[in-house]
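Same order as they appear, the protein sequences are chains A and B.
When we follow this note's numbering, the leftmost residue of the first sequence carries the number 1, and every step to the right adds one.
When we follow this note's numbering, the leftmost residue of the second sequence carries the number 378, and every step to the right adds one.
Note that the Cβ used here is the ideal one computed from N, Cα and C, for glycine as well.
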Amino acid sequence: FSTFPGSPKWRKTHLTYRVENYTPDLPRERVDSAIEKALKVWEAVTPLTFSRLPEGEADIMISFAAGEHGDFYPFDGLGQSLAHAYPPGPGFYGDVHFDEDEKWTLGSSGTNLFLVAAHELGHTLGLFHSDKKEALMYPVYNFSRNPTQFQLSQDDIDGIQSLYGPHPYSGVSVVPTTSVSPRPEIPTKCDPSLSFDAVSTLRGELLFFKDRYLWRLSRWNPEPEVHLISAFWPSLPSHLDAAYEANSKDSVFIFKGTQFWAVQGSEVQAGYPKSIYTLGFPPAVRKIDAAVSDKDTKKTYFFVDDQYWRFDEKRWLMDKGFPRLIKDDFPGIEPQVDAVLQAFGFFYFFHGSSQSEFDPNARMVTHTLKSNSWLLC
Amino acid sequence: YPLQGAVRQDPPSMDFAQHYLEKYYNLEKNEKQMFRRKESSPVVKKIQEMQKFLGLEMTGKLDSNTMDVMLKPRCGVPDVGG
Chain A
1 FSTFPGSPKW
11 RKTHLTYRVE
21 NYTPDLPRER
31 VDSAIEKALK
41 VWEAVTPLTF
51 SRLPEGEADI
61 MISFAAGEHG
71 DFYPFDGLGQ
81 SLAHAYPPGP
91 GFYGDVHFDE
101 DEKWTLGSSG
111 TNLFLVAAHE
121 LGHTLGLFHS
131 DKKEALMYPV
141 YNFSRNPTQF
151 QLSQDDIDGI
161 QSLYGPHPYS
171 GVSVVPTTSV
181 SPRPEIPTKC
191 DPSLSFDAVS
201 TLRGELLFFK
211 DRYLWRLSRW
221 NPEPEVHLIS
231 AFWPSLPSHL
241 DAAYEANSKD
251 SVFIFKGTQF
261 WAVQGSEVQA
271 GYPKSIYTLG
281 FPPAVRKIDA
291 AVSDKDTKKT
301 YFFVDDQYWR
311 FDEKRWLMDK
321 GFPRLIKDDF
331 PGIEPQVDAV
341 LQAFGFFYFF
351 HGSSQSEFDP
361 NARMVTHTLK
371 SNSWLLC
Chain B
378 YPLQGAVRQD
388 PPSMDFAQHY
398 LEKYYNLEKN
408 EKQMFRRKES
418 SPVVKKIQEM
428 QKFLGLEMTG
438 KLDSNTMDVM
448 LKPRCGVPDV
458 GG
């Protein structure tokens with residue numbers, strides 16, 4: 001592999017992109033999904049994440065043009081130069097131009113938009129060409145490559161990770177939940193009696209903690225992956241009590257006993273664990289049952305036995321007038337909550353093998369489900 | 378039978394190859410003039426540099442294998458250089 005001279009790279013891990021115009025060869029939504037799929041190729045092996053802007057200036061601007069199109073590299077009609085892209089940087093840097101004179105397709109005839117986009121997006125992230133024929137970043141288009149079974153070559157992965165490092169969760173032993181008989185202590189995800197120790201979001205993903213393990217539900221893999229907690233955060237204990245994500249701090253706070261830790265991605269923040277009493281809990285509280293932070297109000301709810309406290313993330317202070325009884329403000333929710341998750345505008349309270357979907361507006365339980373329904377059981 | 382005064386037309390591959398090397402392998406202006414004398418070492422070196430990168434036998438000549446790969450659709454970003 002090679003990087004552009006000077007190895008330019010993005011100094012942030014979350015990038016925006018925008019499709020400025022569309023080729024008449026394909027339906028718009030197919031172009032959008034091809035671009036999204038091409039980005040996921042790089043997202044899967046780096047800490048990078050991407051979001052699409054419907055308008056305005058994005059880091060990666062994507063357009064179709066023919067012939068002379070405003071830069072010093074006019075396209076050349078059908079064939080030969082299919083597209084080009086610029087290395088990371090402001091303005092036209094980081095942009096992708098597709099030659100409109102090509103016949104863009106999503107199959108193996110013509111020029112497959114997904115394959116070319118994945119290559120060009122490699123350039124926008126800082127990769128130059130590779131001289132390995134099996135590499136995506138090899139300059140000559142490979143018509144025999146099957147777009148439906150596409151995989152980055154090790155050369156591509158080595159190249160992009162030389163710029164951005166691996167995906168935060170990579171390198172862990174993903175214990176396959178189907179192909180081998182699980183070791184005795186690995187909890188079976190579809191065990192009807194399965195309960196969770198804690199549940200949290202993490203940068204758009206869901207984490208379900210149980211004993212020494214967690215299941216991870218990510219955006220690009222509908223199948224939950226089971227991992228050792230220690231594979232991500234070696235210094236964290238197992239058999240956790242509670243966990244929640246404070247979006248405004250891009251941190252997940254993890255509780256066990258009278259201690260709590262803060263993690264950002266795969267990093268445990270320095271200065272932790274701290275005592276839960278620094279949050280304002282009275283000495284009588286010996287452990288937290290469950291916690292959840294409301295993304296909209298930036299208020300965090302801590303559940304202990306039949307009571308709950310409310311914490312202000314902005315002021316980093318416990319609100320006055322607490323604790324209150326859970327049943328007074330969350331009618332239908334039993335005490336001793338195992339875990340709480342906020343999703344789709346609801347709060348999901350986990351008790352043993354069941355979960356209650358609570359509508360905070362209607363202030364009532366709207367559904368009762370199996371706890372492991374999130375794990376495709 | 379060479380026609381008197383006829384301007385000898387380079388075979389299309391010569392112009393094409395020259396353009397390809399300029400665009401993707403940084404063939405410099407001064408080397409361009411020498412392009413017609415295929416045996417000139419800077420151009421041979423450039424052709425060999427390209428053949429090496431693309432995984433071709435480094436003959437230093439625009440043989441058919443080399444021309445075949447050069448004619449294939451590709452990315453417009455150069456293979457070497459700034």
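Any C-beta of chain B within less than 7 Å: which residues of the region 123 to 152 of chain A qualify?
His123, His129, Asp131, Lys133, Pro139, Val140 and Tyr141
Taking 7 Å as the threshold (beta carbon to beta carbon), is A/His84 in contact with chain B?
yes
Of all Cβ atoms in chain A, is any one closer than 7 Å to the Cβ of B/Phe393?
no
Helix, strand or coil at B/Met447 according to DSSP, with G and I counted as helix:
helix
Does any residue of chain B have a CB that is nearer than 7 Å to the CB of A/Gly77?
no
Residues bridged to A/His351 (per DSSP):
A/Ser354
Residues sharing a beta bridge with A/Glu275, DSSP
Rather than Glu, the amino acid found at residue 275 of chain A in this sequence is Ser. Note: A/Ser275 sits in a beta bridge opposite A/Gln259.
What does the Cβ neighbour count give for B/Met435, buried or exposed, with the cut at 16 atoms within 10 Å?
exposed
For B/Pro450, return the contacting residues in chain A, with the cut-off set at a CB-CB distance below 7 Å.
Gly79, Gln80, Leu82, Thr111 and Tyr141
Alpha carbon to alpha carbon, how far is A/Ser2 from A/Asn112?
24 Å
Residues that A/Tyr244 bridges to, as DSSP identifies them:
A/Phe253
Could you name the residues of the same chain whose beta carbon sits closer than 7 Å to that of B/Arg385, not counting the 5 residues immediately before and after it, in chain order?
Low confidence applies here, because B/Arg385 scores a pLDDT of 46, under 50, leaving its location unreliable; read the following figure in that light. Hits under 7 Å: none found.
A/His97: first and last residue of the uninterrupted beta strand (DSSP E) it sits in
Val96 to Asp99
In whole angstroms, what separates the C-alpha of A/Val180 from that of A/Trp374?
For A/Val180, the predicted model reports a pLDDT of 34, less than 50, meaning its position is unreliable; a value from the coordinates is still stated below. Taking the straight line from one Cα to the other gives about 22 Å.
Can you tell which of A/Pro139, A/Lys327, A/Phe150 and A/Phe344 has its C-alpha closest to the C-alpha of A/Ser294?
The question names Ser, yet the displayed sequence has Asp at residue 294 of chain A. Residue A/Phe344 is the option with its Cα nearest to A/Asp294.
Looking at the structure shown, is A/Pro184 part of a helix, part of a strand, or coil, going by DSSP?
Any reading at A/Pro184 is ruled out, since the residue's pLDDT is 44, under 50, leaving its predicted position unreliable.
Exposed unless 16 or more other CB atoms sit within 10 angstroms - verdict on A/Leu78
exposed
Report buried or exposed for A/Gln269, applying the criterion of at least 16 other Cβ atoms within 10 angstroms of its Cβ.
exposed
Sub-7 Å separation of A/Leu136 and A/Asp156 beta-carbons:
yes
Could you check which residue in A/Glu20, A/Lys40, A/Gly6 and A/Leu39 has the C-alpha nearest to that of A/Gly89?
A/Gly6
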